[in-house]
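J.: If you're matching positions, the sequence shown starts at 1 in the UniProt record's numbering and goes up one per residue.
Positions of the beta carbon are idealized from the N, C-alpha and C atoms, including for glycine.
Please read all numbers here as calculations on a predicted model, not as lab measurements.
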Amino acid sequence: MAASPAGPRPLLSRRSGALSGTVTVPGDKSISHRALMFGALSLGETRIEGLLEGDDVLRTAAALRALGAEAERLPDGTWVTRGRGVGGLAEPAQVLDMGNSGTAARLLMGLLATHPFTSVMTGDASLTKRPMARVTKPLETMGARFVLRSGGRLPGAVIGTDRPVPIAYRLPVASAQVKSAILLAGLNAPGRTTVIEPEPTRDHTERMLRHFGIEVTVEEAGDGALAATVTGQGELTARDLRVPADPSSAAFPVVAALIRPGSALSLPGVGTNPRRTGLFETLREMGADIAYANPREEGGEPVADLLVRASGLRGVEVPPERAPSMIDEYPVLCIAAACAEGPTVMRGIGELRVKESDRLAMMADGLAACGVTVEAGEDWMVVHGRGRPPAGGATVATAMDHRIAMSFLVLGMATEQPVRVDDGAFIDTSFPGFVALMNGLGADIAAA
Numbered sequence: 001m002a003a004s005p006a007g008p009r010p011l012l013s014r015r016s017g018a019l020s021g022t023v024t025v026p027g028d029k030s031i032s033h034r035a036l037m038f039g040a041l042s043l044g045e046t047r048i049e050g051l052l053e054g055d056d057v058l059r060t061a062a063a064l065r066a067l068g069a070e071a072e073r074l075p076d077g078t079w080v081t082r083g084r085g086v087g088g089l090a091e092p093a094q095v096l097d098m099g100n101s102g103t104a105a106r107l108l109m110g111l112l113a114t115h116p117f118t119s120v121m122t123g124d125a126s127l128t129k130r131p132m133a134r135v136t137k138p139l140e141t142m143g144a145r146f147v148l149r150s151g152g153r154l155p156g157a158v159i160g161t162d163r164p165v166p167i168a169y170r171l172p173v174a175s176a177q178v179k180s181a182i183l184l185a186g187l188n189a190p191g192r193t194t195v196i197e198p199e200p201t202r203d204h205t206e207r208m209l210r211h212f213g214i215e216v217t218v219e220e221a222g223d224g225a226l227a228a229t230v231t232g233q234g235e236l237t238a239r240d241l242r243v244p245a246d247p248s249s250a251a252f253p254v255v256a257a258l259i260r261p262g263s264a265l266s267l268p269g270v271g272t273n274p275r276r277t278g279l280f281e282t283l284r285e286m287g288a289d290i291a292y293a294n295p296r297e298e299g300g301e302p303v304a305d306l307l308v309r310a311s312g313l314r315g316v317e318v319p320p321e322r323a324p325s326m327i328d329e330y331p332v333l334c335i336a337a338a339c340a341e342g343p344t345v346m347r348g349i350g351e352l353r354v355k356e357s358d359r360l361a362m363m364a365d366g367l368a369a370c371g372v373t374v375e376a377g378e379d380w381m382v383v384h385g386r387g388r389p390p391a392g393g394a395t396v397a398t399a400m401d402h403r404i405a406m407s408f409l410v411l412g413m414a415t416e417q418p419v420r421v422d423d424g425a426f427i428d429t430s431f432p433g434f435v436a437l438m439n440g441l442g443a444d445i446a447a448a
């Protein structure tokens, strides 16, 4: 495992008392990436409140500046972008380093594919192991070319086309990143570009394009699939927006509160897009006391205040079709399952093997080290809970994966013995201030 840029940062999580308080988690990472990108493509000035300032999103901002757009943070924390219009990005003079962010890399590939210049893109030791072919294959049919390492991996060059071709493409595997990359490429192609997805995935791109004035149609394709279509070479109009609190980040204090007796938390302004709330739906089926208060809409996205109380949980079978709406939350669901009564069955989760790490294997190994009985296959896992927290007492490898690290720190808040993670440095890529925030609620997490 490669070390983090400043060296590994081992962390130790000890059993805590009840958690309590009101906590605002960082802005939604998926929406933050898109807000910056669409601001860079818009005519005029876009003001963004609540932008996630983790390393992943800051890499997107830096890449857009290298491509000629303006993106800056004001003293009050608001971000401002001044865009160049659709098709108006400029050839970068330097390599675009996307750090740890697969979302930033794949979505930018879509943007760059239909700009007539060459860009070179790279990432950290984790990102350069992740497959990009599922994005590059449809973009090549639109006219772009890619020169990547073996296995379709970064570093590599994106050779954009000056004659983009609109396409209709059916996703072989449900992926919001691939869908979004194609739709972004289609913004600068003549005619209609359509992506057909076999299962609904997060629709932040479609919602935000509408917010910026682009017509997006979504129709049933006849076999239960959905077809999202954009008409290219229109103009995005700058629009201010507020980024909701990230439900993927909220998942960690939510699960921590559920498994610590006497806990009660309020999390204001969390995104409740139905294509992102599969975890909360699953936890409710397990017996979790999670309520939505003050539901409302901001910037085209539904939000609500989450009220969470400690709950006795029972194992369930998670419907495979729910996976796209909670794919990033399976690691922390495993923590809830480890403390529940009975088995929790998760199927159709092979996508976890090509995230920042092989999350399916990492969770199975880490849980087993902490005393949990786990069965796992290529695209499934069963966690056998015993109605109480497991023993803990292990050092868990994180493979530079922020969600693995945070998940096991949450588990350590409930186990008999502390849980140590070998490196928590990468947590700040998605959840800056995680340790301080959790400790402020009553956790006991410290440097190991």
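Under a three-way DSSP split, which group does F117 fall into?
T.: In the sequence shown, counting from the first residue as 1, residue 117 sits at position 117. Note: F117 maps to coil in three-state DSSP.
J.: Secondary structure at S4, three-state DSSP: helix, strand or coil?
T.: Walking along the sequence shown from the start, residue 4 turns up at place 4. For S4, the pLDDT reaches just 46, beneath the cut-off of 50, and the residue's location in the model is therefore unreliable, although a value from the coordinates is still provided. Of the three classes helix, strand and coil, the one that applies to S4 here is coil, per DSSP.
J.: Beta strand (DSSP E) containing A264: first to last residue?
T.: Against the sequence shown, residue 264 aligns to sequence position 264. From DSSP, the beta strand (DSSP E) with A264 extends over A264 to G271.
J.: Whole angstroms is fine: what's the gap from V220's alpha carbon to A228's?
T.: Here the question's residue 220 lines up with position 220 in the sequence shown. Here the question's residue 228 lines up with position 228 in the sequence shown. Going by the sequence as given, residue 220 is Glu instead of Val. Distance between the alpha carbons of E220 and A228: 9 Å.
J.: Name the one or two DSSP bridge partners that E70 has.
T.: Within the sequence shown, residue 70 is the residue found at index 70, counting from 1. Bridge partners of E70: R82.
J.: Among the candidates A62, I48 and R65, whose CA atom is the shortest distance from the CA of P75?
T.: Reading the sequence shown from its first residue, position 75 is the one you call residue 75. The candidate whose alpha carbon is nearest that of P75 is I48.
J.: Please state the DSSP three-state secondary structure of T237.
T.: Here residue 237 corresponds to residue number 237 of the sequence shown, with the count starting at 1. T237 falls in the strand class under three-state DSSP.
J.: Should A447 be labelled buried (16 or more other beta-carbon atoms within 10 Å of its own) or exposed?
T.: Against the sequence shown, residue 447 aligns to sequence position 447. When all chains shown are included, A447 counts as exposed.
J.: For S150, count the other beta carbons within 10 Å of its own beta carbon; 16 or more makes it buried, fewer makes it exposed. Which is it?
T.: Your numbering for residue 150 matches position 150 in the sequence shown. It counts as exposed.
J.: Can the beta-carbon of G342 be found less than 8 Å from the beta-carbon of G315?
T.: Sequence index remark: in the sequence shown, residue 342 carries index 342 (1-based). Sequence index remark: in the sequence shown, residue 315 carries index 315 (1-based). It is a contact, given that the beta carbons lie within the stated cut-off.
J.: Tell me V345's beta-bridge partners as DSSP assigns them.
T.: If you number the sequence shown from 1, residue 345 lands on position 345. Paired residue(s): E317 and V382.
J.: Do G21 and T81 have their CB atoms nearer than 8 Å?
T.: Here residue 21 refers to the residue found at position 21 when the sequence shown is read from its first residue. Here residue 81 refers to the residue found at position 81 when the sequence shown is read from its first residue. Their beta carbons are not under 8 Å apart, which means G21 does not touch T81 by this criterion.
J.: Measure the alpha-carbon distance for Y330 versus L279 and round it to whole angstroms.
T.: For the purposes of this step, residue 330 is identified with residue 330 of the sequence shown, where counting begins at 1. For the purposes of this step, residue 279 is identified with residue 279 of the sequence shown, where counting begins at 1. Going by the C-alpha atoms only, they are around 8 Å apart.
J.: With three or more C-beta pairs closer than 8 Å as the rule, is the segment 134–150 touching the segment 196–216?
T.: No, the segment 196–216 is not in contact with the segment 134–150.
J.: Secondary structure at E416, three-state DSSP: helix, strand or coil?
T.: Position 416 of the sequence shown, counted from the first residue, corresponds to residue 416. Looking at E416 - three-state DSSP - the assignment turns out to be coil, as it is neither helix nor strand.
J.: Straight-line CA distance for I335 to G299?
T.: Counting from one through the sequence shown, the residue named residue 335 turns up at place 335. Counting from one through the sequence shown, the residue named residue 299 turns up at place 299. Their backbone Cα atoms lie some 32 Å apart in a straight line.
J.: Using the beta-carbon count (16 or more within 10 Å), is Q94 buried or exposed?
T.: Residue 94 sits at position 94 when you count from the first residue of the sequence shown. Q94 should be labelled exposed.
J.: In the DSSP assignment, the beta strand (DSSP E) including S20 goes from what residue to what residue?
T.: The sequence position of residue 20 within the sequence shown is 20, counting from 1. Unbroken beta strand (DSSP E) run through S20: S20 to T22.
J.: Buried or exposed: where does S4 fall if 16 or more other Cβ atoms within 10 Å of its Cβ makes it buried?
T.: In the sequence shown, the residue the question calls residue 4 occupies position 4. In this prediction, S4 scores a pLDDT of 46, lower than 50, which makes its location untrustworthy; the coordinate-derived value is nonetheless stated afterwards. So S4 counts as buried.
J.: Would a C-beta distance cut-off of 8 Å place L226 and L258 closer than the cut-off?
T.: Here residue 226 refers to the residue found at position 226 when the sequence shown is read from its first residue. Here residue 258 refers to the residue found at position 258 when the sequence shown is read from its first residue. No, the pair does not count as a contact, with Cβ atoms beyond the cut-off.
J.: Please look up how many angstroms separate the CB atoms of L67 and L184, rounded, as I've assumed it's under 8 Å.
T.: For the purposes of this step, residue 67 is identified with residue 67 of the sequence shown, where counting begins at 1. For the purposes of this step, residue 184 is identified with residue 184 of the sequence shown, where counting begins at 1. Not confirmed; about 13 Å, so no contact.
J.: For F146, list the residues DSSP reports as bridge partners.
T.: The residue labelled residue 146 in the question sits at position 146 within the sequence shown. Bridge partners of F146: V158.
J.: Would a C-beta distance cut-off of 8 Å place L58 and A105 closer than the cut-off?
T.: By one-based count along the sequence shown, residue 58 stands at place 58. By one-based count along the sequence shown, residue 105 stands at place 105. Contact: no.
J.: What's the C-alpha gap between L41 and H115?
T.: As a position in the sequence shown, residue 41 is number 41, starting the count at 1. As a position in the sequence shown, residue 115 is number 115, starting the count at 1. Using only the alpha carbons, I get a separation of about 12 Å.
J.: Given this structure, state the Cα-to-Cα distance separating T231 from P190, to the nearest angstrom.
T.: Locating residue 231 in the sequence shown gives position 231, where the first residue counts as 1. Locating residue 190 in the sequence shown gives position 190, where the first residue counts as 1. About 7 Å.
J.: Can you tell me whether P172 is helix, strand or coil according to DSSP?
T.: Position 172 of the sequence shown, counting from 1, holds the residue named residue 172. DSSP places P172 in coil when its eight states are reduced to three.
J.: What does a CB cutoff of less than 7 Å around P198 pick up in its chain, not counting 5 residues either side in sequence?
T.: Walking along the sequence shown from the start, residue 198 turns up at place 198. The answer, listed in chain order, is L171, A174 and A225.
J.: Give the straight-line distance between the Cα atoms of G234 and M98, rounded to the nearest whole angstrom.
T.: Against the sequence shown, residue 234 aligns to sequence position 234. Against the sequence shown, residue 98 aligns to sequence position 98. C-alpha separation (whole angstroms): 28 Å.
J.: Can you pull the DSSP bridge partners for D223?
T.: The residue given as residue 223 occupies position 223 in the sequence shown. Paired residues: none, contrary to the question.
J.: Specify, as a first and last residue, the run of the alpha helix (DSSP H) that T141 falls within.
T.: Position 141 of the sequence shown, counted from the start, is the residue given in the question as residue 141. T141 -> alpha helix (DSSP H) spans A133 to T141.
J.: Check for me: the alpha helix (DSSP H) holding S248 runs from which residue to which?
T.: Counting from one through the sequence shown, the residue named residue 248 turns up at place 248. Counting along the chain, the alpha helix (DSSP H) containing S248 begins and ends at P247 to I259.
J.: Please look up how many angstroms separate the CB atoms of A168 and T194, rounded, as I've assumed it's under 8 Å.
T.: Sequence index remark: in the sequence shown, residue 168 carries index 168 (1-based). Sequence index remark: in the sequence shown, residue 194 carries index 194 (1-based). The pair is a contact, with the Cβ atoms about 4 Å apart (cut-off 8 Å).
J.: Return the first residue and the last residue of the alpha helix (DSSP H) that P295 is part of.
T.: Residue numbering aside, residue 295 sits at position 295 when the sequence shown is read from its first letter. Not the alpha helix (DSSP H): P295 falls in the beta strand (DSSP E), residues D289 to E298.
J.: Under the rule that 16 or more other beta-carbon atoms within 10 Å means buried, what is M1, buried or exposed?
T.: On the sequence shown, residue 1 is found 1 positions in, with the first residue counted as 1. Any answer about M1 is weak, because its pLDDT of 33 lies below 50 and its placement is not dependable; what the coordinates show is given next. It is exposed - the Cβ of M1 has fewer than 16 other Cβ atoms within 10 Å.
J.: Can you tell me where the beta strand (DSSP E) holding R47 begins and where it ends?
T.: Walking along the sequence shown from the start, residue 47 turns up at place 47. That run of the beta strand (DSSP E) goes E45 to E49.
J.: Is it true that the CB of S180 sits closer than 8 Å to the CB of L107?
T.: Translated into the one-based positions of the sequence shown, residue 107 becomes position 107. Translated into the one-based positions of the sequence shown, residue 180 becomes position 180. Yes.
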